[in-house]
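The next block holds one structure in the form of structure tokens; read it before the comments.
In the working numbering, the protein residues as written are 2 to 358.
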């Protein structure tokens, strides 16, 4: 899928570990090097192998699908990541759906129900489970809420088909949707809901994937691993839902790369998401494409609420870090190539070091 691959893989692994032994892709090992490394990491006696499959140009998924030949193939979502190399979301859907053509006989496709572009590709497949918020989804997300002070690391709670509640140690409705795919896999392996629920609660945020921590008195939501239009909007909505209006809320957005001609409109969509979220006090943009976000915001906000940086070196990272005050809540989101985690490194420099030995 365009987003959610790594988190979904970790959720599946956590669910299956409750009864089985297996191997999951390390980090985002999803290309022609990473997939073989994942397969080679499997151990004798493993009962499952979770591979992550990615692409940034046409034909890559078919190459990887031929290697894997999955028993279960999952498409998490279709978005505009890497659309520069595909030309349209329809072409992206076609590329992702290639994986389904290589499912082994008797296997299962588990596919998001939220993208009509996939419907034609699942028609020839005998065993299909769909998940999402739509009424026709087999596993339907019927309720979602964030938990302010959950026990044992519980950060959110969701309900499937108006029946069973599940808990996650992850933020965001988008992660609840990822969890639906993991629930479907658990059912395919014969696990009951109690076993699945225990596994789901074991998964905590990966590095730089909506990872929350307090640094120098600042409540930081570090989502700097990567960014697409869909994941950025989801992060903004989650951030707004989790942070109270009683404190200053700042969004730092970097360029979303590899969008081609879609870049101007996509970056303006980010601005609209910020405006719709309400309660965002200031925005910092980093990069040339993110200037479209700043321009869109400037039509609604006074200029003093928007800070713009064309690039991010150490000096700029330190300047941005000095904008944050004790008690602020800050979301940091951008593509991998923008390296926005430098801002967090600069913020850590403000933390007093311990006494010498």
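Note that the Cβ used here is the ideal one computed from N, Cα and C, for glycine as well.
Model, not experiment: these values are computed from the prediction.
- Query: Which whole-angstrom value is the C-beta distance of residue 105 and residue 127, which I expect to be below 8 angstroms?
  - Reply: Their Cβ separation, rounded to whole angstroms, is 12 angstroms, which puts residue 105 and residue 127 out of contact at 8 angstroms.
- In or out: residue 270 buried (at least 16 other Cβ within 10 Å) or exposed? buried
- In the structure shown, what three-state DSSP assignment does residue 122 receive? helix
- Three or more beta-carbon pairs under 8 angstroms between the segment 50-59 and the segment 201-210, yes or no? no
- Item | Per-residue burial, residue 311 [other beta carbons within 10 Å of its own, 16 or more giving buried] | exposed
- Find the nearest neighbour of residue 290 within the set 324, 323, 255 and 322, judged by alpha-carbon distance. 255
- Query: Do you know how far the Cα of residue 64 is from the Cα of residue 201?
  - Reply: 31 angstroms
- Residue of 226, 241, 51 and 114 minimising C-alpha distance to residue 344: 226
- Message: At 4 residues or longer, what runs of the alpha helix (DSSP H) sit wholly inside the segment 82-138?
- Response: 90-98 and 120-123
- Query: Does DSSP classify residue 3 as helix, strand or coil?
  - Reply: coil
- Using beta-carbon positions only, say whether residue 112 and residue 131 come within less than 8 angstroms of one another. yes
- Message: Excluding the 5 residues flanking residue 30 on each side, which residues of the same chain have their C-beta closer than 6 angstroms to its C-beta?
- Response: 38 and 39
- Query: Among residues of its own chain, excluding the 5 on either side of residue 69, which ones have a beta-carbon nearer than 6 angstroms to its beta-carbon?
  - Reply: 52
- Query: From the DSSP output, which residues share a beta bridge with residue 74?
  - Reply: 110
- Message: Here's the rule I'm using: 16 or more other beta-carbon atoms within 10 Å means buried, otherwise exposed. How should residue 34 be labelled?
- Response: exposed
- Query: Does the segment 291-299 come close enough to the segment 317-330 to have 3 or more Cβ pairs within less than 8 angstroms?
  - Reply: no
- Query: Just reading off the alpha helix (DSSP H) that residue 189 is part of, what are its end residues?
  - Reply: 174-189
- Item | Neighbour-count burial assignment, residue 357, 16 or more Cβ in a 10 Å radius | Caution applies to residue 357, whose pLDDT of 48 falls short of 50 and renders its modelled position unreliable; the model cannot decide the point.
- Message: Under 8 angstroms: do the segment 113-125 and the segment 72-89 share three or more Cβ pairs, one atom per stretch?
- Response: yes
- Message: Please return the same chain residues whose Cβ sits closer than 6 angstroms to the Cβ of residue 138, not counting the five positions on each side in sequence.
- Response: 114, 131 and 132
- Item | Nearest candidate by alpha-carbon position, reference residue 15, set 183, 107, 276 and 61 | 183
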